[in-house]
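Quick notes on the structure that follows.
Protein chains: 2
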Amino acid sequence: MSYAALHGWFERVGNVRHAQAMLSWDEAVNMPPGGGVARAESLAELARVAHDRVSDTRVGGWIADARAEADLDPWQRANVDQIERAWLRARAVPADLVAASSRANTLCEQTWRTARPRNDWDAIAAPLEEGLALARERAACLGAALGLAPYDALLDGYEPGMSREVIDPVFARLKETLPGVVDAALAAQRDPLPLPGAFEEGRQKELAETLMRRLGFDFDRGRLDTSHHPFCGGRPDDVRITTRYSAADPLESLFAVLHETGHALYEQGLPREWRGQPVGESGGMALHESQSLFMERQVCRGAEFLRFAAPILRDAFGGDREDPAWSADNLGRIAARVRPGRIRVDADEVTYPLHITLRYEIEQALVAGEMDVGDIPAAWNAGMQAYLGIDTSGDFRDGPMQDVHWFTGLVGYFPTYTLGALTAAQLFEAAAEDLPNLDDAIARGDFEGLREWLRASVHSVGRSRGTLEIVHAVTGGELGVEAFLAHLRRRYIG
Amino acid sequence: MSYAALHGWFERVGNVRHAQAMLSWDEAVNMPPGGGVARAESLAELARVAHDRVSDTRVGGWIADARAEADLDPWQRANVDQIERAWLRARAVPADLVAASSRANTLCEQTWRTARPRNDWDAIAAPLEEGLALARERAACLGAALGLAPYDALLDGYEPGMSREVIDPVFARLKETLPGVVDAALAAQRDPLPLPGAFEEGRQKELAETLMRRLGFDFDRGRLDTSHHPFCGGRPDDVRITTRYSAADPLESLFAVLHETGHALYEQGLPREWRGQPVGESGGMALHESQSLFMERQVCRGAEFLRFAAPILRDAFGGDREDPAWSADNLGRIAARVRPGRIRVDADEVTYPLHITLRYEIEQALVAGEMDVGDIPAAWNAGMQAYLGIDTSGDFRDGPMQDVHWFTGLVGYFPTYTLGALTAAQLFEAAAEDLPNLDDAIARGDFEGLREWLRASVHSVGRSRGTLEIVHAVTGGELGVEAFLAHLRRRYIG
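Residue numbers (this note's numbering), protein chains in the order written: chain D, 113 to 606; chain R, 113 to 606.
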């Protein structure tokens with residue numbers, strides 16, 4: 113009966129998570145500025161309710177008793193594991209610290225939204241300092257309780273079991289190899305023709321929805337909206353993805369949508385029978401990012417997909433059949449442009465890991481207290497010079513203020529992007545082996561086999577296995593850089 | 113210190129109410145159908161959390177101790193009164209019944225949304241029966257705890273202190289007088305010219321926002337969206353109003369927006385210093401409806417407002433300056449058309465109270481158990497025949513299924529519409545006395561004086577006084593039908 117008690121109790125936690133997810137989405141998509149303070153308080157309250165539930169003293173007893181129940185099936189056992197993990201992490205952090213963090217992070221993010229366009233580092237420094245102090249406090253509490261170094265304790269919250277021990281050698285290899293790959297890619301690339309016209313937002317949205325549907329997004333259980341920054345939010349039966357539109361460049365928005373669609377397919381493909389239970393949630397953020405990058409980078413920026421998509425894009429914008437700008441070849445040049453730049457989210461996949469390395473190094477120093485908020489701009493500039501040869505001095509907006517993460521309390525999150533890129537490349541290699549006609553299917557716009565493969569290999573697994581376990585089960589190997597580097601060489605150097 | 117404890121505790125309740133309000137809004141405006149089950153569970157969970165908080169055993173002790181504190185100011189005392197009221201009502205209903213009601217009502221509403229267009233009474237009968245059984249149960253619990261008859265106990269939840277004893281003589285007078293007013297209005301009215309053109313949704317929305325802004329809606333603390341049915345939701349610093357658009361009739365949507373703007377101005381005008389506290393909330397639903405009807409019926413459908421608005425409307429839709437269809441006189445004919453019909457929300461204000469009487473009589477019988485769901489269609493048809501001379505047999509869609517209320521658990525709510533209409537007429541008479549140049553100001557599109565008058569008389573009062581007290585303080589009289597009947601005779605018979 114203790115397992116049943118746990119199950120019922122965590123169903124109620126899931127119901128609170130639903131509210132948190134929807135309020136966060138609404139904040140980014142709909143909320144008028146005057147609603148910000150009340151929203152911060154409400155989200156803090158929900159964080160507190162969820163935390164109180166997860167850390168409830170009875171949960172520990174139920175876990176111990178459930179473990180003694182003989183008739184649990186493997187999924188139920190995995191669910192108890194996930195519940196215990198959540199319980200241990202929640203117990204480690206006092207409820208007041210949880211609510212204070214939620215409130216500080218929501219308000220800091222709101223400040224960031226107005227300060228960033230003004231390039232106003234001074235306005236954000238104090239709220240960021242407060243958010244970081246709370247993050248350090250959380251890291252210390254979690255580290256002590258879980259026997260982890262403080263930074264690893266934060267990381268583990270985004271990608272369970274991940275540690276600097278796994279990341280450091282991988283990132284070192286990338287840091288050493290990528291500059292050469294960047295140079296070779298720059299030398300090999302051919303300039304694309306610009307896409308002609310101004311691109312009306314309504315048409316862009318229609319096109320995006322057409323391709324989302326084609327990839328398998330279920331609009332009965334999700335929607336596409338507009339926000340300042342593309343993201344995938346919501347819950348598995350109500351997935352909310354967002355994008356933004358540029359009248360000059362329809363591919364920017366489109367690839368953002370295809371990226372978020374990868375996230376969304378993962379959410380929509382989670383095991384239905386485990387809705388609302390911890391074991392039924394998506395895995396770590398590295399695995400989540402692998403799903404978006406699989407779709408966007410491995411599939412949709414590739415030549416086969418663009419062969420399928422080129423006429424659809426051209427017709428969506430009333431392009432000329434004879435215009436070479438709309439050819440699959442030209443779209444491929446645009447989709448695979450390598451351009452070292454300031455902005456992580458605009459970066460190509462060759463330079464992207466260098467942006468992550470910079471952030472990974474700075475946030476480790478911040479958590480360790482070896483660096484303060486005031487030190488960030490100089491460290492940022494030094495890193496951008498060293499890794500990408502770009503001087504960012506005086507530029508906060510497209511420098512250390514460009515990403516929302518630190519300003520909303522997400523510290524220890526950045527490495528998951530690159531771990532996701534590595535995983536995506538490994539998974540795509542495995543898919544190509546398992547599905548011999550994959551290239552042809554993609555070129556025909558037939559994604560069913562691929563989607564089923566992803567569903568079986570990753571989506572339907574939920575949290576019944578960890579990321580590294582899944583990588584091993586699907587690819588037979590360990591997480592590493594070789595598949596990723598091979599992919600880069602193939603696509604960018606040829 | 114007990115007052116402080118109460119204050120802090122109810123702030124946290126307010127934070128949960130914020131989440132409930134936003135999730136309900138999102139459900140009506142954004143949610144894809146597949147998200148319905150999870151949403152119902154989440155809303156049920158939040159209802160339960162709020163209920164557990166309000167009914168917490170410690171609250172009773174804090175109330176008793178707070179009452180003994182000598183240094184409370186009148187607002188703090190009124191806040192304690194409101195808290196006690198909420199506490200007593202919450203204690204009366206078991207948490208399981210609250211959650212079961214929330215869940216059943218959300219699911220019944222979802223069924224209603226698909227069953228209504230199909231005219232499918234059978235599909236809705238069982239969920240409605242379940243919802244009604246739960247409403248009867250709530251009425252019995254509340255009635256026993258508060259010493260009220262079951263129907264009055266429900267009514268009191270929507271309009272505190274209201275009872276059949278107050279309503280019955282008022283409604284009897286309307287039932288007796290209105291048929292004669294309807295006949296006289298039908299004889300007196302002049303047919304309007306139709307408005308020429310098809311009306312693009314984007315233009316309608318722009319026009320609506322222009323007039324909302326003009327009336328004083330603060331877009332920094334609110335927004336306008338589209339839903340199946342117009343409503344005003346959200347919270348005072350983030351008010352969400354909705355409408356729907358008809359390409360054939362731009363006034364339908366516009367008056368709906370102006371109606372909801374009346375609700376919204378009330379919310380936005382609530383006392384800032386009491387945000388999140390019970391005394392800072394809007395009053396009963398009759399008072400709320402008085403604010404929407406004040407704006408829509410008393411102000412915006414009147415000749416002075418239409419003199420101001422006619423050229424704005426004409427220009428918004430590119431109408432011809434010489435076209436008499438766009439004259440204030442013709443718009444006035446449209447705005448004051450009397451047409452006995454099936455649909456309450458489309459009804460003019462002369463026949464509207466008869467729609468309410470029908471519902472009031474049926475829902476009393478339902479709560480008393482004198483009538484069951486199966487009896488509703490026949491009773492509906494009999495009432496529509498008797499009051500409006502309309503045969504509705506076989507028509508469920510535009511008969512008893514037309515309103516969402518019963519299908520979402522709102523039983524005892526309908527009378528507040530007509531009480532609101534009476535109150536609006538009384539308040540407008542008082543405003544016209546206090547503001548001698550009111551007609552001129554409205555005709556010039558200057559609403560500041562009127563808005564400040566409403567703010568001082570009603571909005572800023574919050575719940576520090578009851579509806580009947582406010583009516584008395586502002587008008588010097590009691591709630592009654594005379595001002596309303598005089599308004600009807602003036603506008604519709606002349």
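Where is the CB? At the ideal position from N, CA and C, for every residue including glycine.
- Message: Can you pull the chain R neighbours of R276 of chain D, defined as C-beta to C-beta under 8 Å?
- Response: Residues of chain R passing the Cβ test: none, with the nearest at roughly 37 Å.
- Query: Hey, does V523 of chain R have any beta-carbon neighbour from chain D nearer than 9 Å?
  - Reply: no
- Task: Give the straight-line distance between the Cα atoms of N217 of chain D and E181 of chain R, rounded to the nearest whole angstrom.
- Result: 37 Å
- Item | Cβ pair E153 of chain R, F519 of chain R closer than 9 Å | no
- Message: Does chain R have any CB closer than 9 Å to the CB of V593 of chain D?
- Response: no
- Query: Given that a residue counts as buried once 16 or more other Cβ atoms are within 10 Å of its Cβ, and exposed if not, what is T169 of chain R?
  - Reply: exposed
- Task: Just the chain R side, please: which residues come within less than 8 Å of P527 of chain D by C-beta, in chain order?
- Result: Near P527 of chain D there are no residues of chain R at all, since even the closest Cβ is about 31 Å away, more than 8 Å.
- Nearest neighbour of R601 of chain D, chosen from D:A297, D:A176, D:N191 and D:E541 [CA to CA]: D:A297
- Item | Contacting positions in the segment 113 to 134 of chain D - beta carbon closer than 7 Å to chain R | R124, N127, V128, H130, A131 and M134
- Compute the beta-carbon to beta-carbon distance between G532 of chain R and A376 of chain R, rounded to the nearest angstrom, for a pair I have assumed lies under 8 Å. About 15 Å separates the two Cβ atoms, so there is no contact after all.
- Task: Identify whether I468 of chain R lies in helix, strand or coil by the three-state DSSP scheme.
- Result: helix
- Message: Give me the subset of the segment 325 to 336 of chain D whose CB atoms are less than 8 Å from a CB atom of chain R, sorted by chain position.
- Response: D330, F331, D332, R333, G334 and R335
- Contact with chain R by M143 of chain D, beta-carbon distance below 9 Å: yes
- Could you check how far apart the C-beta atoms of I468 of chain D and T373 of chain D are, in whole angstroms? I think they sit under 8 Å. No, I468 of chain D and T373 of chain D are not in contact; Cβ-Cβ is about 22 Å, not under 8 Å.
- If we ignore side chains and look at the alpha-carbon of each, how far apart do G255 of chain R and E277 of chain R end up? 15 Å
- Query: From what residue to what residue does the alpha helix (DSSP H) around D208 of chain R run?
  - Reply: A207 to A227
- Task: Take every Cβ of the segment 552 to 560 of chain D, pair it with every Cβ of the segment 505 to 522 of chain D, and state whether three or more of those distances are shorter than 8 Å.
- Result: no
- Query: So what does V351 of chain D bridge to, in DSSP terms?
  - Reply: D:G334 and D:G346
- Tell me whether P512 of chain D sits in a helix, a strand or coil according to DSSP, three-state version. coil
- Residue from R:Q403, R:V293 and R:A202 with nearest C-alpha to A565 of chain R: The question names Ala, but residue 565 of chain R in the sequence shown is Trp. Measuring from the Cα of W565 of chain R, the nearest candidate turns out to be R:Q403.
- Alpha carbon to alpha carbon, what distance is there between A595 of chain D and G495 of chain D? 26 Å
- Message: Tell me whether the segment 342 to 358 of chain D and the segment 279 to 293 of chain D touch, counting them as touching only if at least three CB pairs, one residue from each stretch, are closer than 8 Å.
- Response: no
- Taking C-alpha atoms, which residue in D:F429, D:N442 and D:L327 lies nearest to A56 of chain D? Nothing in the structure corresponds to residue 56 of chain D, since chain D is present only between 113 and 606.
- Grab me the residues of W174 of chain R's own chain with a C-beta within less than 6 Å of its C-beta, minus the 5 sequence neighbours each way, in chain order. S114, A117 and L118
- Message: Can you pull the chain D neighbours of L219 of chain R, defined as C-beta to C-beta under 9 Å?
- Response: Here the premise fails: no neighbours, minimum Cβ distance about 14 Å.
- Item | Below-9 Å beta-carbon distance, G414 of chain R vs any chain D residue | no
- Give, in chain order, every residue of the segment 339 to 353 of chain R whose Cβ lies closer than 9 Å to some Cβ of chain D. G346, R347, P348, D349, D350, V351 and R352
- Would a C-beta distance cut-off of 9 Å place R575 of chain R and G392 of chain R closer than the cut-off? yes
- Message: Counting only C-beta atoms, is R387 of chain D closer than 9 Å to chain R at any point?
- Response: yes
- Item | Integer Cβ distance of P512 of chain R from L267 of chain R, believed to fall under 8 Å | No, P512 of chain R and L267 of chain R are not in contact; Cβ-Cβ is about 20 Å, not under 8 Å.
- Message: Beta carbons nearer than 9 Å to chain D: which residues of the segment 563 to 577 of chain R have them?
- Response: none
- How big is the Cα-Cα spacing for M143 of chain D and D332 of chain R? 9 Å
- Item | Distance, V161 of chain R Cα to R151 of chain R Cα | 15 Å
- Consider the Cβ of G392 of chain R: report whether some Cβ of chain D lies at a distance smaller than 9 Å. no
- Item | Contiguous alpha helix (DSSP H) assignments of at least 4 residues, all confined to the segment 504 to 558 of chain R | 527 to 546 and 550 to 556
- Message: Assuming F406 of chain D is part of the alpha helix (DSSP H), what are its boundary residues?
- Response: That residue, F406 of chain D, is in no alpha helix (DSSP H); it is neither H nor E in DSSP.
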